[in-house]
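Chemist: Just so you know, the sequences run in chain order A and B.
So that you can map any letter, position 125 of the first sequence is 125 in full-length UniProt numbering, and since no number is skipped, the others follow by simple counting.
So that you can map any letter, position 4 of the second sequence is 4 in full-length UniProt numbering, and since no number is skipped, the others follow by simple counting.
Yeah, the Cβ is synthetic: ideal placement off N, Cα and C, and Gly gets one too.
There are 2 protein chains.
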Amino acid sequence: MTDRNAAQSSELEATDRAILRELLRDGRCSFTDLGERVGLSVSAVHQRVRRLEQRGALRGYTARVDGEQIGLPLTAFISLTPIDPAAPDDYPQRLEHLSEIESCFSVAGDESYILQVRVASPLALEDLLRQIRESAKVSTRTTVVLSTPFENRAPEL
Amino acid sequence: MTDRNAAQSSELEATDRAILRELLRDGRCSFTDLGERVGLSVSAVHQRVRRLEQRGALRGYTARVDGEQIGLPLTAFISLTPIDPAAPDDYPQRLEHLSEIESCFSVAGDESYILQVRVASPLALEDLLRQIRESAKVSTRTTVVLSTPFENRAPEL
DNA sequence: TCTGAAAGTCACGAAGG
DNA sequence: CCTTCGTGACTTTCAGA
Numbered sequence: 001m002t003d004r005n006a007a008q009s010s011e012l013e014a015t016d017r018a019i020l021r022e023l024l025r026d027g028r029c030s031f032t033d034l035g036e037r038v039g040l041s042v043s044a045v046h047q048r049v050r051r052l053e054q055r056g057a058l059r060g061y062t063a064r065v066d067g068e069q070i071g072l073p074l075t076a077f078i079s080l081t082p083i084d085p086a087a088p089d090d091y092p093q094r095l096e097h098l099s100e101i102e103s104c105f106s107v108a109g110d111e112s113y114i115l116q117v118r119v120a121s122p123l124a125l126e127d128l129l130r131q132i133r134e135s136a137k138v139s140t141r142t143t144v145v146l147s148t149p150f151e152n153r154a155p156e157l
Numbered sequence: 001m002t003d004r005n006a007a008q009s010s011e012l013e014a015t016d017r018a019i020l021r022e023l024l025r026d027g028r029c030s031f032t033d034l035g036e037r038v039g040l041s042v043s044a045v046h047q048r049v050r051r052l053e054q055r056g057a058l059r060g061y062t063a064r065v066d067g068e069q070i071g072l073p074l075t076a077f078i079s080l081t082p083i084d085p086a087a088p089d090d091y092p093q094r095l096e097h098l099s100e101i102e103s104c105f106s107v108a109g110d111e112s113y114i115l116q117v118r119v120a121s122p123l124a125l126e127d128l129l130r131q132i133r134e135s136a137k138v139s140t141r142t143t144v145v146l147s148t149p150f151e152n153r154a155p156e157l
């Protein structure tokens, strides 16, 4: 066995973590480079990446884009509190269609959900808030982001 | 001129937005595919992508990785309030070295900053909170994420 | 799970309109 | 800003260990 038999394919081995580390740093890194960096042949890396994709450890790849330059300079966090505490908890589905909502977290604490949103302007935020309240029957508390010292840093693997 | 002359290279043109849309969907998409999808030759797309990278609209590429499978199943938001309101505002620099902190937002509202963190366990979170308080001389308020209905969705371009 | 080789695809710069 | 074209690099598969 490997380390501690990796609890039914749960924990990742060193080489796989090295691969993920490189792909987090550069999602377009070639298999050739990847192979050199982790000390494996091109085909071996190729197989491992495919396996990581199939396992779901590697969910995909995406570009990192500048919010300002694409015309969405305003980020905010919106906390949700259900108006009717007895209503069924289907808030995520009710909000899914609003593309301005980047992330939706179910949380412990005073509020039920935290939404991370990105919009073009204060006016667009006002409109989004109206749509959220209408779609989900919730009251909202909004925290506007002034600046982002850093964001989406890669975790240490 | 184009649309409204794009306010000094600020706004993006339709083809560039189409390219970003595709790269947000699949960060490893080949230039060949990209060209077909946006209706341009391979070289033209290549040039545009390079230009977008130089402009800073395209900041890079990254893999999307499953938090659970890499051994970091716990996400939380931590709000920061300075203990000494007169202290210099260098909190981001003081916290930068803590790799568990994925994002750091300066916000308007009751608190000064919101941190998004990812850790292995409640114990690791406790330890991180201690380090944050020590490093930045702040009091903290923590909201634990129970589940994530959706996260990091691509914005509508 | 690895390696090495073969075949097909792709990246990327040059030249030109 | 676009196209076409050519070369070298890369991806992907497969056989073998």
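1. Note the first and the last residue of the continuous alpha helix (DSSP H) segment covering residue 35 (chain B).
2. Give the secondary structure of residue 76 (chain B) by DSSP, where H, G and I count as helix, E and B as strand, and everything else as coil.
3. Going by the DSSP bridge assignment, what does residue 82 (chain B) pair with across the sheet?
4. State the CB to CB distance for the pair residue 76 (chain B) and residue 148 (chain B), rounded to an integer number of angstroms; the pair is presumed to be in contact (CB under 8 Å).
5. Could you check whether the Cβ of residue 4 (chain B) sits closer than 7 Å to any Cβ belonging to chain A?
6. Helix, strand or coil: how does DSSP classify residue 70 (chain A) here?
7. Indicate the three-state DSSP secondary structure (helix, strand or coil) for residue 153 (chain B) in the structure shown.
8. Output yes or no for whether 7 Å exceeds the beta carbon distance between residue 28 (chain B) and residue 61 (chain A).
9. Candidates B:127, B:11, B:45: which alpha carbon is nearest residue 19 (chain B)'s?
10. May I ask you to list the residues that DSSP assigns as paired with residue 45 (chain B)?
11. Could you give the first and the last residue of the continuous alpha helix (DSSP H) run that contains residue 96 (chain B)?
12. Please identify the residue among A:136, A:33, A:15 whose C-alpha is closest to the C-alpha of residue 97 (chain A).
13. Among B:146, B:25, B:119, which one has its Cα closest to the Cα of residue 101 (chain B)?
14. So, is the C-beta of residue 60 (chain A) closer than 7 Å to a C-beta in chain B?
15. Which stretch, first to last residue, makes up the alpha helix (DSSP H) that contains residue 25 (chain A)?
16. Since I believe residue 103 (chain B) is in contact with residue 11 (chain A) (beta carbons under 8 Å), could you give me their beta-carbon distance rounded to a whole number of angstroms?
17. Beta-carbon of residue 66 (chain B) versus every beta-carbon of chain A: anything under 7 Å?
18. Along the chain, where does the beta strand (DSSP E) that runs through residue 64 (chain A) open and close?
19. By a C-beta neighbour count over all protein chains shown, 10 Å radius and 16 as the cutoff for buried, is residue 139 (chain B) buried or exposed?
20. Per DSSP, residue 106 (chain A) is paired with what?
21. In this structure, how does DSSP classify residue 28 (chain B) when only helix, strand and coil are distinguished?
22. With 16 other CB atoms within 10 Å as the buried threshold, where does residue 123 (chain B) fall?
23. Between the segment 60 to 74 of chain B and the segment 53 to 67 of chain A, do at least 3 Cβ pairs fall closer than 8 Å?
24. I need the straight-line Cα distance from residue 157 (chain A) to residue 84 (chain A), nearest angstrom please.
Modeler: On the basis of the data shown:
1. Residue numbering aside, residue 35 (chain B) sits at position 35 when the second sequence is read from its first letter. Residues 31 to 38.
2. Position 76 of the second sequence holds residue 76 (chain B). In the structure shown, residue 76 (chain B) adopts extended strand secondary structure according to DSSP, grouped into three states.
3. Numbered from 1 along the second sequence, position 82 holds the residue referred to as residue 82 (chain B). According to DSSP, residue 82 (chain B) bridges with B:138.
4. Along the second sequence, one-based indexing puts residue 76 (chain B) at 76. Along the second sequence, one-based indexing puts residue 148 (chain B) at 148. Not confirmed; about 12 Å, so no contact.
5. Locating residue 4 (chain B) in the second sequence gives position 4, where the first residue counts as 1. Because residue 4 (chain B) sits at a pLDDT of 40, beneath the cut-off of 50, its placement in the model cannot be relied upon, and the following sentence gives the value as read from the coordinates. Not an interface residue.
6. Against the first sequence, residue 70 (chain A) aligns to sequence position 70. Coil.
7. Position 153 of the second sequence, counted from the start, is the residue given in the question as residue 153 (chain B). The answer is coil: DSSP assigns residue 153 (chain B) none of H, G, I, E or B.
8. Position 28 of the second sequence holds residue 28 (chain B). Position 61 of the first sequence holds residue 61 (chain A). Yes, the Cβ-Cβ distance between residue 28 (chain B) and residue 61 (chain A) is below 7 Å.
9. If you number the second sequence from 1, residue 19 (chain B) lands on position 19. Of the candidates B:127, B:11, B:45, the one whose C-alpha sits nearest the C-alpha of residue 19 (chain B) is B:45.
10. For the purposes of this step, residue 45 (chain B) is identified with residue 45 of the second sequence, where counting begins at 1. Answer is none; residue 45 (chain B) lacks a bridge partner.
11. Translated into positions along the second sequence, residue 96 (chain B) becomes position 96. For residue 96 (chain B), there is no enclosing alpha helix (DSSP H), as DSSP marks it with neither H nor E.
12. Taking the first residue of the first sequence as position 1, residue 97 (chain A) is located at position 97. Among A:136, A:33, A:15, the Cα nearest to that of residue 97 (chain A) belongs to A:136.
13. Position 101 of the second sequence, counted from the start, is the residue given in the question as residue 101 (chain B). Comparing Cα positions, the closest option is B:119.
14. The sequence position of residue 60 (chain A) within the first sequence is 60, counting from 1. By this cut-off, residue 60 (chain A) is an interface position.
15. Position 25 of the first sequence holds residue 25 (chain A). Annotation: the continuous alpha helix (DSSP H) that includes residue 25 (chain A) extends over 14 to 25.
16. Locating residue 11 (chain A) in the first sequence gives position 11, where the first residue counts as 1. Locating residue 103 (chain B) in the second sequence gives position 103, where the first residue counts as 1. The beta carbons of residue 11 (chain A) and residue 103 (chain B) sit about 26 Å from each other, so the pair does not count as a contact at 8 Å.
17. The residue you call residue 66 (chain B) lines up with position 66 of the second sequence. For residue 66 (chain B), at least one C-beta of chain A is nearer than 7 Å to its own C-beta.
18. The residue labelled residue 64 (chain A) in the question sits at position 64 within the first sequence. Its beta strand (DSSP E) spans residues 58 to 65.
19. Walking along the second sequence from the start, residue 139 (chain B) turns up at place 139. Residue environment for residue 139 (chain B): exposed (fewer than 16 other C-beta atoms within 10 angstroms of its C-beta).
20. If you number the first sequence from 1, residue 106 (chain A) lands on position 106. Beta-bridge annotation (DSSP): residue 106 (chain A) is paired with A:113, B:147.
21. Sequence index remark: in the second sequence, residue 28 (chain B) carries index 28 (1-based). The answer is coil: DSSP assigns residue 28 (chain B) none of H, G, I, E or B.
22. Here residue 123 (chain B) refers to the residue found at position 123 when the second sequence is read from its first residue. Result: exposed.
23. Output reads yes: the segment 53 to 67 of chain A touches the segment 60 to 74 of chain B.
24. Locating residue 157 (chain A) in the first sequence gives position 157, counting from the first residue. Locating residue 84 (chain A) in the first sequence gives position 84, counting from the first residue. Cα atoms of residue 157 (chain A) and residue 84 (chain A): separation of roughly 42 Å, rounded to the nearest angstrom.
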